[in-house]
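A short write-up of the structure that comes next.
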Ligand code: BG6
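In my numbering, the protein residues as written are 1 to 484.
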């Protein structure tokens, strides 16, 4: 990974005592530092309302991250002591934000850092508006260097709230300062999709309605809601996974060649894809919720038995959808999306099925019908590509399915974690992997009617591939889910 030089800066995390900071942000900042990729003077200032958190607790979290990542060294430990700071903002009112401004200026003076500032809202979504307003009113939206605002997902909970949030953001910041996170875009294999498509013309020439029969995108998880009932009950699978991660994957798979490898050129093409998606017919959506079952050989409870979930909850933990992109490249090609919790296997995969030969030359043979060639792009785990095709069995006129494959892990070591990539992009000012305002609003618009009138809920056993209604949905299009 080579990147443009990064400026010395201060990285302010609002919500520094939370899970996201501990699990993702600190380890990513530490890894960047250990690799020498973060600025020489990367100062991290954590803030939180929690009374029982301070400099020492913040640094202790960082040291634990160092240890668990095997990065513990004298140098890194020294960096934690020198460069990690914490400010308690117990009330979150205008006084607190003024204190924050003073604290930042003081740290910049002490460390000799220019006023380059990134503000990362690692906060619950309900706290975004007051934080944006607090920062803006305290003048922390501008500086003599650069100022960037980073907002975690979910950005809004529907079209209206996303528009309101965008309006508030734009009251203080211009779009070039705003970095809306969708961590799927930071995954190395998602970025590689662009390279795969646009650096390999053999695929690009067949990447259209003439050659492609259907496209599937699966994001399957084995985990349940991991103790996040408060959030998940309000969000459900459509808000948690589909509106953001799956829609972004779809846009990357379906977009046209951008005019340049630049943030806005790429985001313009993604926008055109989203704009061309036809309204989703209610019959093309299947929602499900998991009941008890076995995952990886371990019994797991039903969603409704998870702590703090309503016993009659109608929240969907699974969705399968069929979308159509009404443009010249894709008209008539079904895009089949599915995602769910407590499924049979953890896998994120894109499967592009190509059209079968027009004439079944080999049909009289005692072999199953010819299967389409399928290109499977595995985003995680075991990242790589598989292209399946038919071969002749030696000595007999029988066909057998084989595949050409490529596994990332066999060729490259050290695939950076998504947050590492995204944090580096924030400090280098590259917005390519961040979601622009119009994209986030359009993706909410796509699912508005499903959010307002969700289809009936199908229960599915944990550890399976989801409700059978989803199999029926895909069967209508003459295909089956991959993996099945
Ligand atoms: C998050 C969702 O955005 O993505 C979680 O809120 C989900 O519910 C997670 O588990 C999946 O991310 P990954 O990187 O583990 O596939």
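The beta-carbon is built from N, C-alpha and C at its ideal position, and this holds for glycine as well.
For residue i, which of helix, strand or coil comes out of DSSP?
i: residue 68; result: helix
i: residue 353; result: strand
i: residue 436; result: coil
i: residue 421; result: helix
i: residue 359; result: coil
i: residue 38; result: coil
i: residue 277; result: strand
i: residue 189; result: helix
i: residue 464; result: strand
i: residue 208; result: coil
i: residue 90; result: coil
i: residue 261; result: coil
i: residue 481; result: coil
i: residue 241; result: helix
i: residue 159; result: helix
i: residue 96; result: helix
i: residue 200; result: coil
i: residue 60; result: helix
i: residue 195; result: helix
i: residue 16; result: coil
i: residue 431; result: coil
i: residue 489; result: With the chain covering only 1 through 484, there is no way to say anything about residue 489.
i: residue 476; result: coil
i: residue 252; result: helix
Using the Cα positions of residue i and residue j, report the straight-line distance between them to the nearest angstrom.
i: residue 200; j: residue 257; result: 12 Å
i: residue 255; j: residue 20; result: 31 Å
i: residue 205; j: residue 377; result: 17 Å
i: residue 126; j: residue 151; result: 12 Å
i: residue 34; j: residue 53; result: 25 Å
i: residue 297; j: residue 475; result: 29 Å
i: residue 371; j: residue 271; result: 33 Å
i: residue 374; j: residue 359; result: 18 Å
i: residue 264; j: residue 317; result: 33 Å
i: residue 222; j: residue 428; result: 35 Å
i: residue 412; j: residue 383; result: 11 Å
i: residue 163; j: residue 169; result: 10 Å
i: residue 483; j: residue 341; result: 15 Å
i: residue 51; j: residue 309; result: 28 Å
i: residue 294; j: residue 463; result: 5 Å
i: residue 455; j: residue 142; result: 45 Å
i: residue 175; j: residue 149; result: 10 Å
i: residue 63; j: residue 420; result: 17 Å
i: residue 203; j: residue 197; result: 7 Å
Across which residues does DSSP place residue i in a beta bridge pair?
i: residue 231; result: Partner(s): none; residue 231 has no beta bridge.
i: residue 299; result: 294
i: residue 400; result: 391
i: residue 386; result: 376 and 405
i: residue 334; result: 324
i: residue 458; result: 288
i: residue 85; result: 45
i: residue 214; result: 353
i: residue 117; result: 10 and 147
i: residue 172; result: Looking at the DSSP assignment, residue 172 forms no beta bridge with any residue, so it has no partner.
i: residue 180; result: 151
i: residue 220; result: 340 and 347
i: residue 318; result: 288 and 340
Give me the Cβ distance between residue i and residue j, rounded to the nearest whole Å; I'm assuming they're in contact under 8 Å.
i: residue 238; j: residue 444; result: Their Cβ separation, rounded to whole angstroms, is 10 Å, which puts residue 238 and residue 444 out of contact at 8 Å.
i: residue 488; j: residue 138; result: Given that the chain is displayed from residue 1 to residue 484, the structure contains no residue 488 and the question cannot be resolved.
i: residue 379; j: residue 348; result: 4 Å
i: residue 27; j: residue 65; result: 4 Å
i: residue 280; j: residue 450; result: 6 Å
i: residue 12; j: residue 120; result: 7 Å
i: residue 460; j: residue 290; result: 6 Å
i: residue 242; j: residue 319; result: 6 Å
i: residue 214; j: residue 479; result: 5 Å
For chain B, find out if any of its Cβ atoms is closer than 8 Å to the Cβ of residue i; answer yes or no.
i: residue 64; result: Absent from the structure is chain B; it holds one protein chain and no more.
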